[in-house]
Amino acid sequence: MWSLGSFACAPAPEMTAVAEQALADGRATLAVLAMEVPPLPPALRQSARMQPLRIEGVPPAGEARIASFIPAVGMPIHAAALSGSPPERILAWLGEPALRRAEGPVAIWLYSTAGCQLDVIFYPGTDGPRAAYVQARAGGFAQRTEAACLQDLADQARRRASPASPLGETGAGAGLLG
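Heads up, the sequence shown is in this note's numbering, so the first residue is 17 and it goes up one at a time.
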């Protein structure tokens, strides 16, 4: 006969923390997608776990970058090929993420377009943070390939960096993904 033991009692503090983090994750996704986000309960408004990510040499999301964005030569066409990359390389390829979040020593970046999202999770390493998990997914109901998603993200970053560029889509950096 199986016994539930202590599992049938009130939730452990770890489970409460996991539930709070899941709520925060869902709210962050809604905020990036520009959807209405319901207000947080008062107890969760100042969560110590949700701190902005700070990586030395990389400005926080939303701060202006000095150099304009042109995707680097060799931009991968598959999300898994971004694994092992330092944050600086991801920034060079895709520009600033829509969202940055820290989970202890782990950094989570979210890139988003109307048609897809890209999650990049950095773990600390001997040579600094490296992308250890990268996943592209379609946004909404349309099916998208990883290559199309990465191309859209790179195009979006290029438009943000130089909205009045006379080079347009046929200039430097165009067509690097396929």
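Just so it is clear, CB atoms sit at the ideal spot from N, CA and C, and this is done for glycine as well.
- Assigned with DSSP and collapsed to three states, Ile106 falls in helix.
- With 16 or more other CB atoms across the displayed protein chains lying within 10 angstroms of its CB, Phe138 is buried.
- Residue pairing by DSSP puts Phe138 in a beta bridge opposite Ala123 and Ala147.
- Using a Cβ-Cβ distance cut-off of 8 Å, the stretch 169-178 and the stretch 96-106 are not in contact, since fewer than three pairs of beta carbons, one from each stretch, lie closer than that value.
- Our two residues, Glu112 and Tyr127, have alpha carbons roughly 8 Å apart in a direct line.
- In the three-state reduction of the DSSP assignment, Ala96 falls in the helix class.
- Here the alpha carbons of Gly120 and Pro92 stand approximately 28 Å from one another.
- The three-state reading of DSSP puts Arg160 in coil, since its state is none of H, G, I, E or B.
- Close CB contacts of Leu98 within its chain, under the 7 Å cut and outside five residues either way in sequence, are with Pro92, Ile106, Val136, Ala147 and Val150 (chain order).
- When DSSP states are grouped into helix, strand and coil, Ala173 belongs to the helix group.
- When rounded, the separation of the alpha-carbon atoms in Arg153 and Thr161 is 8 Å.
- Here the alpha carbon of Gln133 sits roughly 13 Å from the alpha carbon of Phe157.
- Within the model, the alpha-carbon separation for Pro140 versus Arg176 is close to 29 Å.
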